[in-house]
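Trainee:
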Amino acid sequence: MTSGQGGTNPGFARGRRLRSTPAMRRWTAQTRLSPADLVLPVFVKEGISEPVPISSMPGVVQHTPESLRKAAAEAAEVGISGLMLFGIPADKDPVGSQADAADGVVNAALQQLRADLGDELVLMADLCLCEYTDHGHCGVVTPAGVVDNDPTLDRYAAVAIAQAQAGAHVIAPSGMMDGQVAAIRAGLDSAAFTETPILAYAAKYASGFYGPFREAAEGAPQFGDRSTYQMDPPNTDEALREVAQDIAEGADAVMVKPAGPYLDIVARVADAVDVPVAAYQVSGEYAMVEAAAANGWIDRERAVLETLTAIRRAGAGSVLTYWAVEAARWLR
Ligand code: PBG
Numbered sequence: 002m003t004s005g006q007g008g009t010n011p012g013f014a015r016g017r018r019l020r021s022t023p024a025m026r027r028w029t030a031q032t033r034l035s036p037a038d039l040v041l042p043v044f045v046k047e048g049i050s051e052p053v054p055i056s057s058m059p060g061v062v063q064h065t066p067e068s069l070r071k072a073a074a075e076a077a078e079v080g081i082s083g084l085m086l087f088g089i090p091a092d093k094d095p096v097g098s099q100a101d102a103a104d105g106v107v108n109a110a111l112q113q114l115r116a117d118l119g120d121e122l123v124l125m126a127d128l129c130l131c132e133y134t135d136h137g138h139c140g141v142v143t144p145a146g147v148v149d150n151d152p153t154l155d156r157y158a159a160v161a162i163a164q165a166q167a168g169a170h171v172i173a174p175s176g177m178m179d180g181q182v183a184a185i186r187a188g189l190d191s192a193a194f195t196e197t198p199i200l201a202y203a204a205k206y207a208s209g210f211y212g213p214f215r216e217a218a219e220g221a222p223q224f225g226d227r228s229t230y231q232m233d234p235p236n237t238d239e240a241l242r243e244v245a246q247d248i249a250e251g252a253d254a255v256m257v258k259p260a261g262p263y264l265d266i267v268a269r270v271a272d273a274v275d276v277p278v279a280a281y282q283v284s285g286e287y288a289m290v291e292a293a294a295a296n297g298w299i300d301r302e303r304a305v306l307e308t309l310t311a312i313r314r315a316g317a318g319s320v321l322t323y324w325a326v327e328a329a330r331w332l333r
């Protein structure tokens with residue numbers, strides 16, 4: 002508390018007057034954070050009998066199908082909105098066959114969760130091939146080792162149909178191929194999934210903050226990187242173009258990723274569009290806070306809630322975060 006500021010103008014002290022108690026701050030808060038704003042990304046791995054901790058993401062695991070069921074029940078119980086599912090198959094091949102195999106790890110998990118929970122949570126299926134291909138790229142590659150856009154679109158459409166058939170409520174393409182939303186929409190419609198929405202990872206940057214995820218999803222590229230098909234960090238206009246393009250192709254909602262280092266992009270996208278905007282607080286954002294908190298350098302709960310509030314303040318309607326369930330408990 003300071004004193005002596007304000008002079009003779011009664012308006013000078015207004016900020017301080019309105020911040021004087023927790024109740025006063027709650028009354029005047031312009032951004033609210035509640036469990037319903039949060040979505041939990043989860044990993045389910047084939048062929049393991051116990052959950053496998055991810056060393057670079059303390060508290061996050063690769064689930065067995067059984068441990069995933071428990072985590073999903075918990076997520077429903079604390080009132081978050083949904084799950085984003087990633088699968089790690091036992092067998093990988095050049096075209097990522099397990100992504101659309103009906104008994105593939107993620108499709109089996111979707112079926113089980115849908116049976117367990119019905120419509121209680123929004124079950125979102127990440128649609129990409131990098132966890133399923135032996136080379137770790139997000140699509141099929143040419144003999145020269147370049148990701149081949151158009152054949153990849155056919156694969157994406159097949160995977161979307163398989164995921165919708167398995168019970169996914171939302172299909173979330175994250176591969177960043179040109180034309181992927183239109184191809185997936187056409188595929189879904191052709192299989193009578195006209196009511197299944199697409200959440201497009203529309204503004205997805207080639208980010209250093211995905212490092213821990215590549216341990217979690219075991220989808221690191223075996224050669225090259227993703228900088229030709231993900232966006233370049235210095236650019237803004239490109240994000241707005243990608244978002245406009247995805248909406249024109251039929252995206253029902255769009256995502257910005259990563260979230261924290263790209264709050265300006267979240268704000269501009271939220272201003273520009275009239276569909277729901279989600280932001281993905283990615284693995285590296287999680288790992289940074291966890292590492293600092295483990296060293297006693299920051300107050301963990303306070304920092305976590307601050308990051309989530311900031312993403313909401315920038316304009317995101319929902320936040321994908323590995324802290325979803327824990328944060329939801331704090332917020333109740
Ligand atoms: C690609 C995908 C990635 C993430 C989500 N989907 C990794 C990548 O693009 O290399 C990253 C999420 C995170 O870091 O938490 N399927």
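Residue numbering for the sequence shown follows our numbering, beginning at 2 and increasing consecutively. Glycine included, C-beta positions come from ideal geometry on N, C-alpha and C. From a predicted model like this one, the values you see are computed outputs, not experimental measurements.
(1) Where does residue 2 fall in DSSP's three states?
(2) What distance in whole Å lies between the Cβ atoms of residue 285 and residue 211, which are believed to be in contact at a cut-off of 8 Å?
(3) Report the partner residues of residue 64 according to the DSSP bridge assignment.
(4) Output the boundary residues of the alpha helix (DSSP H) element that contains residue 214.
(5) In the structure shown, what three-state DSSP assignment does residue 23 receive?
(6) Let me know if residue 143 comes out buried or exposed under the rule of 16 or more other beta-carbons within 10 Å of its beta-carbon.
(7) With residue 344 as the anchor, note down where its beta strand (DSSP E) starts and where it stops.
(8) Cβ-heavy atom distance between residue 414 and the ligand PBG below 7 Å?
(9) For residue 258, which of helix, strand or coil comes out of DSSP?
(10) Report the rounded CA-to-CA distance for residue 150 versus residue 139, giving the unit in angstroms.
(11) Express the C-alpha separation of residue 257 and residue 203 in angstroms, rounding to a whole number.
(12) Under 6 Å Cβ to Cβ from residue 51, same chain only, skipping five residues before and after it: list those, please.
(13) If you draw a straight line from the alpha carbon of residue 241 to that of residue 125, how long is it in whole angstroms?
(14) Rounded to whole angstroms, what is the Cα-Cα separation between residue 230 and residue 328?
(15) Any chance the CB of residue 191 is under 7 Å from a heavy atom of the ligand GDP?
(16) Where does residue 108 land, buried or exposed, given buried means 16+ other C-beta within 10 angstroms?
(17) Nearer than 7 Å: is that true of the beta carbon of residue 283 relative to any heavy atom of the ligand PBG?
(18) So, is residue 19 buried or exposed, given that buried needs 16 or more other C-beta atoms within 10 angstroms?
(19) Assuming residue 208 contacts residue 174 (C-beta within less than 8 Å), just tell me the rounded distance between them.
(20) Evaluate residue 254 with the Cβ neighbour count: other Cβ atoms within 10 Å of its Cβ, from every protein chain shown; 16 or more gives buried, anything less gives exposed.
(21) What number of angstroms, rounded off, separates the C-alpha of residue 2 from the C-alpha of residue 290?
(22) Mapping DSSP to helix, strand and coil, what is residue 93?
(23) How is residue 322 classed by DSSP in three states: helix, strand or coil?
(24) Give me whichever residues DSSP pairs with residue 134 in a beta bridge.
(25) In terms of residues, what are the limits of the beta strand (DSSP E) holding residue 127?
(26) So, at 7 Å on beta carbons, what are the nonlocal neighbours of residue 123 in its own chain, with the 5 sequence-adjacent residues on each side left out?
(27) Looking at C-alpha atoms only, which residue of 57, 160, 66, 37 is the closest neighbour of residue 98?
(28) Alpha carbon to alpha carbon, what distance is there between residue 49 and residue 252?
(29) Assign residue 324 to one of two classes, buried (16 or more other C-beta atoms within 10 Å of its C-beta) or exposed (fewer than that).
(30) In its own chain, which residues sit with a C-beta less than 6 Å from the C-beta of residue 163, not counting the 5 before and 5 after it?
(31) Indicate the three-state DSSP secondary structure (helix, strand or coil) for residue 157 in the structure shown.
Mentor: By the coordinates alone:
(1) Unreliable positioning characterises residue 2 in this predicted model, as indicated by a pLDDT of 45, which lies under 50. The coordinate reading is nonetheless provided below. Reduced to three states, the DSSP call for residue 2 is coil.
(2) 6 Å
(3) 45
(4) 212-217
(5) helix
(6) exposed
(7) Since the displayed the chain opens at 2 and closes at 333, residue 344 lies outside it and no answer follows.
(8) The structure shown does not extend to residue 414, since the chain is modelled only from 2 through 333, so no value can be given for it.
(9) strand
(10) Cα to Cα, residue 150 sits roughly 10 Å from residue 139.
(11) 6 Å
(12) The same chain holds no residue with a CB closer than 6 Å to that of residue 51 once the five nearest residues on each side in sequence are set aside.
(13) 24 Å
(14) 33 Å
(15) In the structure shown, the ligand GDP is absent; the only ligands present are the ligand PBG.
(16) buried
(17) yes
(18) exposed
(19) Between residue 174 and residue 208 the Cβ distance is about 17 Å, and since that is not below 8 Å, they are no contact.
(20) Buried: at least 16 other Cβ atoms inside 10 Å.
(21) Note that residue 2 has pLDDT 45, beneath the 50 cutoff, so the model's placement of it is unreliable and the number below is only indicative. The alpha-carbon atoms of residue 2 and residue 290 are separated by roughly 29 Å.
(22) In this structure, residue 93 counts as coil in the three-state DSSP scheme.
(23) coil
(24) 94
(25) 123-128
(26) 82, 83, 170, 171
(27) The alpha carbon of residue 98 has as its nearest neighbour, out of 57, 160, 66, 37, the alpha carbon of 160.
(28) 35 Å
(29) buried
(30) 101, 108
(31) helix
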